[in-house]
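What follows is a single structure, written as structure tokens, with notes after it.
Numbering (the UniProt record's numbering), first residue to last: 1 to 432.
Spelled out as structure tokens, the structure:
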């Protein structure tokens, strides 16, 4: 690793800022930054890519945990978070700082391929980074969007050392039941120098068979009502930062058009998961509440979310909020709870509703009730709403996650005066 020259900043060592290279700021592009100063994020990324494991300088760049909480989920142009960059560069001290001080989620998956920091460290062959991630809760058996574990990544990167450590970790974890050990062993067959790793994996397979009848509670369990149970649920949630930016801009324009104060204009996120949207919007000046059926919601959201089973009828104190959003939640509830769920989200929306619902064939962990857009639109419109086609198109275009580009829907309560985007009219239609 290089020595960070006297604690000098990236610019002081001859680097050029993003703007100096011709880039435009979020403000110049008409957007709103998810982080107080975009340059700070770029500087941190650049420091890590130069393989400088300098905790003091990183702390200086990021400032206080409060000021940079949004930066922990921001992804670089290469679709990597700060933690992923530190893992890829092999910076164990920075990894420890990001997780323990700044609250970076060790199981966070990238938006494009679903890789975690552990996948990046394993592929790059950064043994010390792999060790630090494992010490801080990373799971050797967590799979990315291609259904590959970090062992696969180590194999692809040619790092036998990392693969051996990860295989031993699988053994210590007693092999979570969602890991197909036979498939994993087959995938690694015939690779020169991997005999010892395969022996460990084979031992894991025997242990898995021996423990198949035990009643261990898995790290992530789906309840009969469709919500996830346990703090390991963070492995299954994805955050679309670009979509969040657009929602912040939209909600602020709505609030200004209605001439309401922050406290008067409240938004709810039903099925808030990790609370990333809630925390980001609160940090950007939106009065936001989050609810999820997972009993671990307060811990997962750092106190920003509350527990609420969406499969039973309920009415929150204070009545309706101005807008409700619920992203990729409905498909996780069995069909018998569909009507109750839709009643709950619609009944709490005064002005409008942002909804996404996985389509048939989309696939995903815990999907029990995938439905086409036309069906969901009709069901929502039966409950007193009309489609806001222009807003829907804007949100789909602004999304970075591929499923949101296909599933985001926007509705306004029928009969409401439309004042979105500072009074610009949107295309609206009723469903027959």
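Even glycine gets a Cβ: it sits at the ideal position worked out from N, Cα and C.
query: Pairing CB atoms from the segment 248-265 with CB atoms from the segment 289-305, are three or more of them under 8 Å?
result: Three or more Cβ pairs closer than 8 Å define a contact, and the segment 248-265 falls short of that threshold against the segment 289-305.
Span of the beta strand (DSSP E) around residue 116: On the chain shown, residue 116 is found 116 positions in, with the first residue counted as 1. In the DSSP assignment, residue 116 falls outside any beta strand (DSSP E), carrying neither H nor E.
- request: Identify, in the order they occur along the chain, each residue of the same chain with its Cβ nearer than 6 Å to the Cβ of residue 114, setting aside the five sequence neighbours on each side.
  value: As a working note, residue 114 is residue 114 in the chain shown. Closer than 6 Å at the Cβ level, and outside the excluded window around residue 114, lie 144, 145.
- request: Measure the CB-CB distance between residue 310 and residue 368 and report whether it falls below 8 Å.
  value: Counted from its first residue, the chain shown places residue 310 at position 310. Counted from its first residue, the chain shown places residue 368 at position 368. Not in contact: residue 310 and residue 368 (Cβ atoms no closer than 8 Å).
query: In or out: residue 312 buried (at least 16 other Cβ within 10 Å) or exposed?
result: Here residue 312 corresponds to residue number 312 of the chain shown, with the count starting at 1. Exposed.
- prompt: Is residue 280 helix, strand or coil by DSSP?
  reply: Counting from one through the chain shown, the residue named residue 280 turns up at place 280. Residue 280: helix per DSSP, three-state reduction.
Buried versus exposed call for residue 217 [16 or more other C-beta atoms within 10 Å across all chains shown]: Stepping through the chain shown from its first residue, residue 217 is reached at position 217. Unreliable placement is indicated for residue 217, whose pLDDT of 32 sits below 50; the coordinate value is still reported in the next sentence. The residue in question, residue 217, is exposed, as its Cβ has fewer than 16 Cβ neighbours within 10 Å.
- prompt: Going by the C-beta, is residue 244 closer than 7 Å to any heavy atom of the ligand SAM?
  reply: As presented, the structure is devoid of all ligands, the ligand SAM included, so that no description of it is given.
query: In three-state DSSP terms, what is residue 80?
result: Here residue 80 corresponds to residue number 80 of the chain shown, with the count starting at 1. Coil.
- request: State the DSSP-derived secondary structure class of residue 130, mapped to helix, strand or coil.
  value: For this step, residue 130 is matched to residue 130 along the chain shown. In the structure shown, the three-state DSSP call for residue 130 is helix.
- prompt: Shortest alpha-carbon distance to residue 162 belongs to which of 51, 131, 362?
  reply: Within the chain shown, residue 162 is the residue found at index 162, counting from 1. Residue 131 is the option with its Cα nearest to residue 162.
message: Just verifying my parser: in three-state terms, what is the DSSP assignment at residue 46?
response: Your numbering for residue 46 matches position 46 in the chain shown. Helix, per DSSP.
Cβ contact check for the segment 294-304 and the segment 332-350: 3 or more pairs under 8 Å: No, the segment 294-304 is not in contact with the segment 332-350.
- request: Identify the continuous beta strand (DSSP E) that holds residue 327 and give its terminal residues.
  value: Numbered from 1 along the chain shown, position 327 holds the residue referred to as residue 327. It spans 321-327 - the beta strand (DSSP E) in which residue 327 sits, taken as one unbroken run.
field: 4 or more residues per run - each alpha helix (DSSP H) lying fully within the segment 323-381
entry: Within the segment 323-381, the complete alpha helix (DSSP H) runs of at least 4 residues are 338-347.
query: DSSP state of residue 263, grouped into three classes?
result: In the chain shown, residue 263 corresponds to position 263, counting from 1. In this structure, residue 263 counts as coil in the three-state DSSP scheme.
- prompt: Do the CB positions of residue 438 and residue 120 come within less than 8 Å of each other?
  reply: With the chain covering only 1 through 432, there is no way to say anything about residue 438.
- prompt: Going by C-alpha distance, which of 77, 53, 295, 305 is nearest residue 281?
  reply: Sequence index remark: in the chain shown, residue 281 carries index 281 (1-based). Out of 77, 53, 295, 305, the CA that lies nearest to the CA of residue 281 is found in 305.
field: Three-state class that DSSP yields for residue 157 in the structure shown
entry: On the chain shown, residue 157 is found 157 positions in, with the first residue counted as 1. Here DSSP, grouped into helix, strand and coil, assigns residue 157 to helix.
- request: Taking only the alpha-carbon atoms, compute the straight-line gap between residue 356 and residue 385 and give it to the nearest angstrom.
  value: On the chain shown, position 356 is the one that residue 356 refers to. On the chain shown, position 385 is the one that residue 385 refers to. Just so you know, the alpha carbons of residue 356 and residue 385 end up roughly 15 Å apart.
- prompt: In this structure, what does DSSP give as the bridge partners for residue 291?
  reply: Within the chain shown, residue 291 is the residue found at index 291, counting from 1. According to DSSP, residue 291 bridges with 270, 306.
Neighbourhood of residue 44 by C-beta, 7 Å cutoff - its chain only, sequence neighbours within 5 removed: Mapped onto the chain shown, residue 44 falls at position 44. Correct list, in chain order: 58, 61, 62, 82.
- request: Would you decide whether residue 259 is buried or exposed? Buried here means 16 or more other CB atoms lie within 10 Å of its CB.
  value: Reading the chain shown from its first residue, position 259 is the one you call residue 259. So residue 259 counts as exposed.
- request: Classify residue 413 as helix, strand or coil using the three-state DSSP reduction.
  value: The residue you call residue 413 lines up with position 413 of the chain shown. It is a strand residue.
query: What is the DSSP secondary structure of residue 439, counted as helix, strand or coil?
result: The displayed coordinates of the chain run from 1 to 432. Any statement about residue 439 would go beyond what the structure contains.
task: Return the residue from the list 394, 56, 242, 110 that minimises the CA-CA distance to residue 98.
output: Here the question's residue 98 lines up with position 98 in the chain shown. When each option's Cα is compared against that of residue 98, the closest is 56.
query: When the Cα of residue 273 is compared with those of 283, 294, 257, which residue comes out closest?
result: Within the chain shown, residue 273 is the residue found at index 273, counting from 1. Ranked by how close their Cα comes to the Cα of residue 273, the residues 283, 294, 257 have 294 in first place.
query: What first and last residue would you give for the alpha helix (DSSP H) that runs through residue 435?
result: In this structure the chain extends from 1 to 432, so residue 435 is not present and cannot be described.
- request: With a 10 Å radius around its C-beta and 16 neighbouring C-beta atoms as the bar for buried, classify residue 256 as buried or exposed.
  value: Locating residue 256 in the chain shown gives position 256, counting from the first residue. By the neighbour-count rule (16 or more Cβ atoms within 10 Å), residue 256 is not buried but exposed.
query: What is the rounded straight-line gap between the Cα of residue 275 and the Cα of residue 327?
result: Your numbering for residue 275 matches position 275 in the chain shown. Your numbering for residue 327 matches position 327 in the chain shown. Those two C-alpha atoms are separated by around 12 Å.
query: Out of curiosity, what's the CA-to-CA distance linking residue 318 and residue 125?
result: For the purposes of this step, residue 318 is taken as the residue at position 318 of the chain shown. For the purposes of this step, residue 125 is taken as the residue at position 125 of the chain shown. About 53 Å.
query: Should residue 372 be labelled buried (16 or more other beta-carbon atoms within 10 Å of its own) or exposed?
result: One-based indexing of the chain shown puts residue 372 at position 372. By the 10 Å Cβ count, residue 372 comes out exposed.
Simplified DSSP assignment, three categories, for residue 245: Walking along the chain shown from the start, residue 245 turns up at place 245. In this structure, residue 245 counts as helix in the three-state DSSP scheme.
- prompt: Counting along the chain, where does the alpha helix (DSSP H) carrying residue 100 start and finish?
  reply: For the purposes of this step, residue 100 is identified with residue 100 of the chain shown, where counting begins at 1. Run containing residue 100: 92-100, per the alpha helix (DSSP H) assignment.
- prompt: For residue 92, is the classification buried or exposed, using 16 other Cβ atoms within 10 angstroms of its Cβ as the cut-off for buried?
  reply: Working through the chain shown from its first residue, we reach residue 92 at position 92. With 16 or more other Cβ atoms within 10 Å, it is buried.
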